[in-house]
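Comments concern the structure below.
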Amino acid sequence: MIHIPSLPTLANDGKSPQKIQLQSGEIGKIHRRQANALGQARPVLSADCQSLGQALCSGAMHNPNCIRITLALVILAFAGPGQAEPLSPRDPGAPWPVWELVDFQPKSPKYNQTYGLNEFRGRVTLVALLATWCPYCQRQVAKMEELKKDLESDRVRVNFVAVNIQSGEGDQHEFTSRCSFPLFQDTEEVNAFKLHRGRKDDYFIYNERGELTDYFPYLGDRKSDLTSSEGYENIKQAILKAPYKTKLVAETVIKLTINGVQGRTYRVQYSEDLGPDKKWRTLKKITLLTDRAEIVDTTATPSRKRRFYRTEELP
């Protein structure tokens with residue numbers, strides 16, 4: 011939730027982080043002073059706001075048809091440089107590798123077509139690196155199909171994908187007979203295993219934007235063997251935690267930035283009262299053409315009142 015106040019103050023009690031409040035008439039002054047007066051100051055949410063955000067966002071994935079409300083973090087334009095790009099495809103936040111392989115699953119809508127992970131954008135995706143000739147992998151594929159149906163019974167739809175090692179091309183029937191989700195045949199030219207920097211029996215979980223949220227290496231610190239109850243639950247919970255958390259950023263008094271998921275529709279609302287009767291009002295409904303969009307609130311400056319913002323994700 012973003013709080014845009016009306017009176018300019020800059021206070022520090024010596025114990026808590028600085029809290030910065032802006033007035034529309036002070037924007038020019040603040041930009042001129044920011045290098046000297048503000049330095050690297052970073053406003054933070056209060057504990058109350060953090061707990062409120064957690065309460066509203068919990069369990070949102072279990073019903074994809076419901077409206078999901080996201081309270082955004084406060085991030086000002088002068089808050090400092092962004093984080094460095096991930097160095098490895100196994101680092102959280104890393105984009106999924108770009109590759110295209112043949113889908114050899116007859117039950118797949120794109121059977122015998124050559125395509126890649128970008129076709130799965132917009133939904134959480136589990137990618138497994140396996141081998142058709144491996145009995146352990148055969149059991150994993152069967153349990154992946156079980157997990158897929160388990161999630162669907164709770165109205166949670168997730169993409170399941172398996173990439174078959176190059177040496178397993180002659181045993182593809184071992185997988186096609188055990189599951190219904192897309193299966194890709196790796197090749198020496200593409201080498202998807204290398205692009206993922208993974209090994210046989212590794213699992214990668216990506217959010218709707220194709221960003222890595224979790225990685226389970228074979229025989230890692232956490233069990234990932236789906237035939238064990240612990241491994242099954244570990245993977246399932248990692249999938250449920252994977253959806254992208256929409257962010258609403260206030261860069262100035264009237265300029266808002268939505269960091270969401272391409273193709274999804276959001277309602278941006280504001281309120282000038284966070285008491286029992288919040289009286290949320292709709293500013294704009296927008297469908298994202300990319301993962302990021304900017305909105306200008308032309309009603310904020312004339313009102314000169316305290317203002318809070320939130321987003322609702324529409325079904």
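Mapped onto this note's numbering, the consecutive letters of the sequence shown carry residue numbers 11 to 325. Ideal placement from N, C-alpha and C gives every residue a C-beta, glycine not left out.
Backbone CA spacing between Cys147 and Val278 [nearest angstrom]
Taking the first residue of the sequence shown as position 1, residue 147 is located at position 137. Taking the first residue of the sequence shown as position 1, residue 278 is located at position 268. When rounded, the distance between both Cα atoms is 45 Å.
**Prompt:** In chain order, what residues of the same chain have a beta carbon less than 6 Å from the beta carbon of Thr124, not counting five sequence neighbours either side?
**Reply:** Residue mapping note: residue 124 aligns to position 114 of the sequence shown, counting from 1. Excluding sequence neighbours, Thr124 sits near Glu110, Val112.
### Message
Threshold first: 3 residues or longer. Then list the beta strand (DSSP E) segments lying entirely within the stretch 127-174, N to C.
### Response
135-140, 169-174
What three-state label does DSSP hand Ile268 in the structure shown?
Counted from its first residue, the sequence shown places residue 268 at position 258. Of the three classes helix, strand and coil, the one that applies to Ile268 here is strand, per DSSP.
message: Per the DSSP calculation, Val306 is bridged to which residue(s)?
response: As a first step, residue 306 must be located in the sequence shown, where it is residue number 296. BP columns for Val306 point to Lys265.
Task: Bridge partner(s) assigned by DSSP for Asp113 - done: The residue labelled residue 113 in the question sits at position 103 within the sequence shown. BP columns for Asp113 point to Phe194.
Is the CB of Phe194 under 9 Å away from at least one CB in chain B?
The structure shown contains no chain B; it is built from a single protein chain.
_the ligand MG and Lys158: does the residue's C-beta get closer than 8 Å to at least one heavy atom of that ligand?_
With respect to the ligand MG, the structure offers nothing, as it holds no ligand at all.
Worksheet item: How about Glu198 and Gln176: are their beta carbons less than 9 Å apart?
Response: Position 188 of the sequence shown, counting from 1, holds the residue named residue 198. Position 166 of the sequence shown, counting from 1, holds the residue named residue 176. In contact: Glu198 and Gln176 (Cβ atoms closer than 9 Å).
### Query
Glu199 by DSSP, collapsed to three states: which one?
On the sequence shown, position 189 is the one that residue 199 refers to. DSSP places Glu199 in coil when its eight states are reduced to three.
- Task: Using alpha carbons as the reference points, say which of Glu179, Ala172, Pro145 lies closest to Phe214.
- Result: Working through the sequence shown from its first residue, we reach residue 214 at position 204. Here the closest residue by C-alpha is Ala172.
Problem - Run of the alpha helix (DSSP H) containing Lys288, from where it starts to where it stops - result: Here residue 288 is taken as the residue at index 278 of the sequence shown, counted from 1. First-last for Lys288: undefined, no H or E at that position.
Fill in: Own chain, CB closer than 7 Å to Pro286, minus 5 neighbours either side, in chain order
Translated into positions along the sequence shown, residue 286 becomes position 276. Closer than 7 Å at the Cβ level, and outside the excluded window around Pro286, lies no residue.
* In three-state terms, what does DSSP make of Gln279? -> Counting from one through the sequence shown, the residue named residue 279 turns up at place 269. Looking at Gln279 - three-state DSSP - the assignment turns out to be strand.
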